[in-house]
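Protein sequences appear in the order of chains A and B.
Following the working numbering, the numbering of the first sequence begins with 14 at its first residue and continues without gaps.
Following the working numbering, the numbering of the second sequence begins with 14 at its first residue and continues without gaps.
Quick reminder that beta carbons are idealized off the backbone N, C-alpha and C, glycines included.
There are 2 protein chains.
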Amino acid sequence: MRIGDVAERAGVSVRALRYYEEQGLLNATRSTSGQRHYPDAAVEWVQLIQQLYAAGLSSARIRDLLPCIQSGVSTPESLTLLAGERARIDDQIKGLIEARDRLDEIIAMTERASSPSSACRTYRVP
Amino acid sequence: MRIGDVAERAGVSVRALRYYEEQGLLNATRSTSGQRHYPDAAVEWVQLIQQLYAAGLSSARIRDLLPCIQSGVSTPESLTLLAGERARIDDQIKGLIEARDRLDEIIAMTERASSPSSACRTYRVP
DNA sequence: CTAAAACCTGACGCTGACGTCAGAGGCAAG
DNA sequence: CTTGCCTCTGACGTCAGCGTCAGGTTTTAG
Chain A
14 MRIGDVAERA GVSVRALRYY EEQGLLNATR STSGQRHYPD AAVEWVQLIQ QLYAAGLSSA
74 RIRDLLPCIQ SGVSTPESLT LLAGERARID DQIKGLIEAR DRLDEIIAMT ERASSPSSAC
134 RTYRVP
Chain B
14 MRIGDVAERA GVSVRALRYY EEQGLLNATR STSGQRHYPD AAVEWVQLIQ QLYAAGLSSA
74 RIRDLLPCIQ SGVSTPESLT LLAGERARID DQIKGLIEAR DRLDEIIAMT ERASSPSSAC
134 RTYRVP
């Protein structure tokens, strides 16, 4: 597969794929003229990268976890990294749930537009 | 309270507070010499701002929601905004849960370091 | 054969929530 | 009064994940 196909199937830009390669997250074989060629599995792999990005992992962190994910074998360090990220994501989820509840409160409050129950009602910003 | 106190109690930097003011999210009374003074409620308010930032809202979006939150009354537009952000946060939570499950798979896989079950095991990156 | 479409390598631009530095003024304690 | 900490404004710096443009080669469709 060529880069445009991978980009389309994975739902990312061509630029993004080149960036991933630059960051050492994605490799490609090159044709004699220098064009990148990818195996089918690259699409899934790119989607995993996207998912990890969306979960707040940096390129460097993903790169650190690469040997572990590829080999299927974890060193103590990689397990620490994995556990750390897992915990971070967990905290992030908790924070988001709190924020969502907060928005729900606000929605409920403004829909009723009466009973002064929630906080931050007394502080005015111009 | 002076700006340093608010910063410490809310767990943010002084710079951040000035930035919030710049963005129209936080106001302060000024002493004759120009120093900012905040009511106690500012601490809670700043923490709410932080929470909304962490949930992915931009300064502009928070500013848009300000009148609604302060007045406790929602216009149709603000309700649309609120519902939109709520939905976005919900999606984000779902994505994070998927990512967390993905990490759990990887952890489980590498801990066993045997049974080749998961995807992305065949794609190598240098 | 040729024109369009896709690909290549740089390299600069962008965005948002601050960090950081400079230079100057303000304020309670000893 | 002065020492040391706090605050002020203004302005540039940062960082990551790309977007975008330039200028050139390659592949593909007709």
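Hey, residue i and residue j are a contact pair by Cβ (cut 8 Å); roughly how many whole angstroms apart?
i     : j      : result
B/L27 : B/Y51  : Checking the sequence, you will find Val at residue 27 of chain B rather than Leu. That pair is no contact at about 12 Å.
B/L95 : A/I120 : 5 Å
B/Q60 : B/A23  : 6 Å
B/G85 : A/T123 : 6 Å
Compare the C-alpha of residue i against each of the options and name the closest.
i      : options                          : result
A/A112 : B/M122, B/D117 and B/A100        : B/A100
B/L78  : B/Q60, B/E98 and B/G108          : B/E98
A/R125 : B/Q105, B/T88 and B/S72          : B/T88
A/L116 : B/I62, B/A23 and B/D114          : B/I62
B/E34  : B/A73, B/M122 and B/G108         : B/A73
A/Q105 : B/R43, B/Q64, B/V86 and B/G85    : B/Q64
B/R43  : B/T93, B/E21 and B/M14           : B/M14
B/E118 : A/I110, A/D114, A/L92 and A/E118 : A/L92
Note down, in chain order, every chain A residue with its Cβ under 8 Å from the Cβ of residue i.
i     : result
B/Q64 : G108, E111, A112 and R115
B/A98 : In the sequence as presented, Ala is not what sits at residue 98 of chain B; that position holds Glu. Those within 8 Å of B/E98 in chain A are L116.
List, in chain order, every chain B residue whose beta-carbon is nearer than 9 Å to that of residue i.
i     : result
A/S87 : I119, I120, M122, T123, E124 and A126
Quick one: residues in its chain with C-beta nearer than 8 Å to the C-beta of residue i, no 5 flanking neighbours on either side, listed in chain order?
i      : result
B/S46  : none
B/I102 : A68 and G69
A/R76  : Q36, G37 and L38
Starting from residue i, find everything on chain A with Cβ-Cβ shorter than 9 Å and list it in chain order.
i      : result
B/E35  : Ordered by position in chain A, no residue passes the 9 Å Cβ test against B/E35, which lies about 12 Å from the chain.
B/D103 : L109 and R113
B/A68  : G108, L109, E111, A112, R113, R115 and L116
Which residues of chain B have a Cβ atom closer than 8 Å to the Cβ of residue i, listed in chain order?
i     : result
A/L95 : L116, I119, I120 and T123
If you drop the 5 nearest sequence neighbours on each side, which residues of the same chain put their C-beta closer than 7 Å to that of residue i?
i     : result
A/E90 : none
Between residue i and the rest of its own chain, which residues show a CB-CB distance below 6 Å, the 5 nearest in sequence each way excluded?
i     : result
A/I16 : V27, L30 and R49
A/P80 : none
So does the stretch 34-42 of chain B actually touch the stretch 51-69 of chain B, counting three or more Cβ pairs closer than 8 Å? yes
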